[in-house]
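First to last, the sequence lines map onto chains A and B.
Using my numbering, you'd call the opening residue of the first sequence number 1 and step up by one each time.
Using my numbering, you'd call the opening residue of the second sequence number 1001 and step up by one each time.
Protein chains: 2
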Amino acid sequence: MIKVALLGFGVVGSGCAEVLTQNKDLIKGKVGDDLEIKYILDLRDFPDSPFAQRVVHDFNVIVNDPEVAIVAEMMGGSHPAYEFTKACLEAGKSVVTSNKEVVANFGTELLALAEKHGVSYLFEASVGGGIPVLRSIYVDLASNRISEVNGILNGTTNYILTSMKQSGASFGDALKKAQELGYAEANPAADVEGLDAARKTAILCGLCFGKLVSPADIHTEGITAITGEDVAAAAELGYAIKLIGHADTKEGKIQALVSPRLVPLCNPLSGISDVFNGVLLKGDMVGEVMFYGPGAGKLPTASAVVGDIIDVAHGVVGGTVKRPYFENATAEDVADFGDYACARYFRFANTPDEVTEALGEQVQQIVTKSGYVAVITKAMSERKAVASVADKLCVLSCMRVL
Amino acid sequence: MIKVALLGFGVVGSGCAEVLTQNKDLIKGKVGDDLEIKYILDLRDFPDSPFAQRVVHDFNVIVNDPEVAIVAEMMGGSHPAYEFTKACLEAGKSVVTSNKEVVANFGTELLALAEKHGVSYLFEASVGGGIPVLRSIYVDLASNRISEVNGILNGTTNYILTSMKQSGASFGDALKKAQELGYAEANPAADVEGLDAARKTAILCGLCFGKLVSPADIHTEGITAITGEDVAAAAELGYAIKLIGHADTKEGKIQALVSPRLVPLCNPLSGISDVFNGVLLKGDMVGEVMFYGPGAGKLPTASAVVGDIIDVAHGVVGGTVKRPYFENATAEDVADFGDYACARYFRFANTPDEVTEALGEQVQQIVTKSGYVAVITKAMSERKAVASVADKLCVLSCMRVL
């Protein structure tokens, strides 16, 4: 019998209890032993829950119980989740988590602590919800040097962008609909401003390049400024607008950013709709692989948390094996954002002649509509993109192209 | 230093040597030790290869060398690959392979043998080439009861079907082009008749349902009878034709078949083009997840083989841990094929009136063209599908719908 404690009994925590209960026999068959939930830590009581008797309010009960071998942290937020995780690892308990905030900010320290104490710290659910992305990188694709990763990492914003495209709704109306459906929170800032995607991009940098880039060092733009005209112009040019977490390496330095981008329709990410997530990786040996599925939600996220619990229960990731493993990126590891180069989309309140005169050979595609001219340029750096239009043209909107 | 032997120095074998050499430092960083190719078994000599000195012609040199810890079998064909694998496992060496024929026919026996001898038998490369599919099922999705799997599992046929759709080419012309480009072999039967996809479907049954269904027990149809009219009619009805390896469970029994199917454009498998593969899984907790990427080719396949080598080198899958694990399906485990029910596509040389009179309310969609009427029916069993049209209508072609 392997004893498990759950920290947090919210959406993911209760999903985790449901997976462990509903598929108990299946999981026992795979682990070779029973997994039993001994404690559930939450501030609340759940008198009507079948788990009511296991709810505790004092974290010390869990950390001081030597029977608890595996702790699943699903509290969300940095504190006290970080402190609790640290204490569990120091007490010789393996920790699995869906908490991207903790992994993105403290992952390196916690992985090192896990190694020191001969236990595991796993966080498959922190990126892509139920989609098997992270372990695929650190196990299946371990023979590859990853050169680039692009992901639709936030279901809320993807739902809003899909809705804007399909119904012609404005950002505000699409957000409101997403809130009504429970896809967006009352305070949607972390989603629509791109912070959630930035945390996941930080974690992907850790696994793809071995260096955890701080979310604070990832240039992040949200989707709040996107208009119906942008969505329509992008479609006419042959693109879909997606919020993309992007990271690649250039001359040994990591370029990581989160921003809405025009994704060409031939790219499989362009077809990922609604709340679904997708991650497209380029490895030097495998080429391009993509993972697609539910990036959030109670049971999909819990599926990944319990997958990690089962992996720990196998005893296969503990000990001295450094999987997953990364270090913190230093200032040296991260490229100057001004050098980041890609093709650009602009929408101008100018005449086509004014645009072609100002941008010259930079123009790759141009569409003229009543009220604006939309353009796709050749690749230009952040610095040059600004310089090439400053003072010359009236920019209505501007986005990167993938 | 961990010593590795390669069995077979063809496309995948030489790719494996390339991955191990080119990313030597990267792999050492992950394993914590050097991986060295000590022997390469092949009937041929390779005097110009940097590995010339390691080529041996006698398998006994390898199996009798206690220094060799891991053997990568990339010979293809059942014999002597099966016998060599058996001998290596019995000698206490872990074996990894890309050989779907051996896994589909002898996988259960070889997994049991590996367990008995405390070593591993891994075969990630046998399904989906470089795409991380199998380990995702047996590790990441271990908390899920998988209810259904659908896969585009053969790159050659997907290239041919994509080519027929895009250029309007006939099957024969598209096959010829695929042969010219090296995507199809001179004798393309194993690909175009569906046998390769059936072997992979058998392996997916093993991992998804715990029961390896013999490829001989999987109803298998190829793509040779598909015409340009079918491709055009399918497009008009809103579908793409794909060769689909399908398996699900119904009342505890496995239904597995390989056949060309009309895939609705809203299904992400419909957009997978050219030689790419994709596998779409349904789990009771995670919902739908899809894996997409290069299903064949030298380096992608080698990427998966070396991923398995690294996993074994970590020592994480040996011992008594049964991962992956399955048993052979018995006759009891497999459903009667006559009961398999799905929607159907028919093309008839009849008038629309004759068709609607004969099929009545079974008709869901109908398209009339000069020379034929194309129809999508409601779900009907194999038995009923035959009965409903026999003697009544003149069938030009008939396919299942996904």
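The C-beta atom is built at its ideal place from N, Cα and C for all residues, glycine as well.
A quick note: this is a predicted structure, and the numbers were derived from the prediction, not measured.
A buried status is given to P260 of chain A, since no fewer than 16 other beta-carbon atoms sit within 10 Å of its beta-carbon. Here E101 of chain A carries a helix assignment [DSSP, helix/strand/coil].
The C-beta distance from Y1345 of chain B to I1366 of chain B rounds to 11 Å, too long to fall under 8 Å, and the pair is not in contact.
In its chain, beyond the 5 residues on either side, T1097 and V1103 have a beta carbon closer than 6 Å to the beta carbon of F1123 of chain B.
In this structure, the beta-carbon distance from V1305 of chain B to A1256 of chain B does not fall below 7 Å. For I226 of chain A, there is no enclosing alpha helix (DSSP H), as DSSP marks it with neither H nor E.
Taking 7 Å as the CB threshold, S1143 of chain B lines the interface with chain A. Boundaries for M1001 of chain B: no beta strand (DSSP E) harbours it, and the DSSP string shows neither H nor E there. By a beta-carbon distance limit of 8 Å, V1373 of chain B contacts V1355 of chain B. Their separation comes to about 5 Å. Interface annotation, I310 of chain A: in contact with chain B, CB-CB separation under 7 Å. With contacts defined by Cβ atoms closer than 7 Å, G1307 of chain B and S143 of chain A form a contacting pair. Runs of the beta strand (DSSP E) lying entirely within the stretch 50-112 of chain A and spanning at least 3 residues, in chain order: 68-73 and 94-97. Taking a beta-carbon distance threshold of 7 Å, L269 of chain A does not count as an interface residue toward chain B. 7 Å or more divides the Cβ of A1184 of chain B from the Cβ of T1227 of chain B. Secondary structure note for V1289 of chain B: its beta strand (DSSP E) is the uninterrupted segment G1287 to P1294. The C-beta of A1385 of chain B has 16 or more other C-beta atoms within 10 Å across all chains shown, which makes the residue buried. For the C-beta of P1294 of chain B, the chain A residues within less than 7 Å are, from N- to C-terminus, V286 and G287. For the pair I1241 of chain B and M1399 of chain B, the Cα-to-Cα distance works out to about 9 Å.
Residues of the same chain with a CB within less than 7 Å of the CB of V1395 of chain B, apart from the 5 flanking positions on each side, are F1346, F1348 and V1389 in chain order.
Between K38 of chain A and chain B, the shortest Cβ-Cβ separation is not below 7 Å. In summary, S1120 of chain B is buried, with 16 or more beta-carbon neighbours lying within 10 Å of its beta-carbon over all protein chains present.
Going by C-alpha positions, K282 of chain A is about 17 Å away from K200 of chain A. Non-local C-beta neighbours of L1299 of chain B in its own chain, meaning closer than 8 Å and more than five positions away in sequence, comprise G1015, E1018, V1019 and G1130, ordered along the chain.
Residue pairing by DSSP puts E148 of chain A in a beta bridge opposite A:D248 and A:K282.
DSSP places V1263 of chain B within a strand segment (E or B) once states are collapsed to three.
For K100 of chain A, not one C-beta of chain B is nearer than 7 Å to its own C-beta. In the three-state reduction of the DSSP assignment, F346 of chain A falls in the strand class, which pools E and B. Sorting B:Q1022, B:F1059 and B:K1100 by C-alpha distance to the C-alpha of S1126 of chain B places B:K1100 at the top. The beta carbon of R383 of chain A is closer than 6 Å to those of G338 in its chain, skipping five residues each way along the sequence.
When the Cα atoms are used, S397 of chain A and A225 of chain A turn out to be separated by approximately 8 Å. The beta-bridge partner set that DSSP reports for K1242 of chain B consists of B:R1261. One finds S1143 and M1285 in chain B with Cβ atoms closer than 7 Å to the Cβ of V19 of chain A, taken in chain order.
Contact residues of the stretch 47-74 of chain A toward chain B are absent (C-beta to C-beta distance below 8 Å). Counting every other CB atom within 10 Å of its CB across the protein chains shown gives A1313 of chain B a total of 16 or more, marking it as buried.
Sequence-ordered contacts of the stretch 1130-1162 of chain B with chain A read G1130, I1131, P1132, R1135, S1136, V1139, D1140, L1141, A1142, S1143, N1144 and R1145 [C-beta pairs closer than 7 Å]. Bounds of any beta strand (DSSP E) do not take in I1131 of chain B, whose DSSP letter is neither H nor E.
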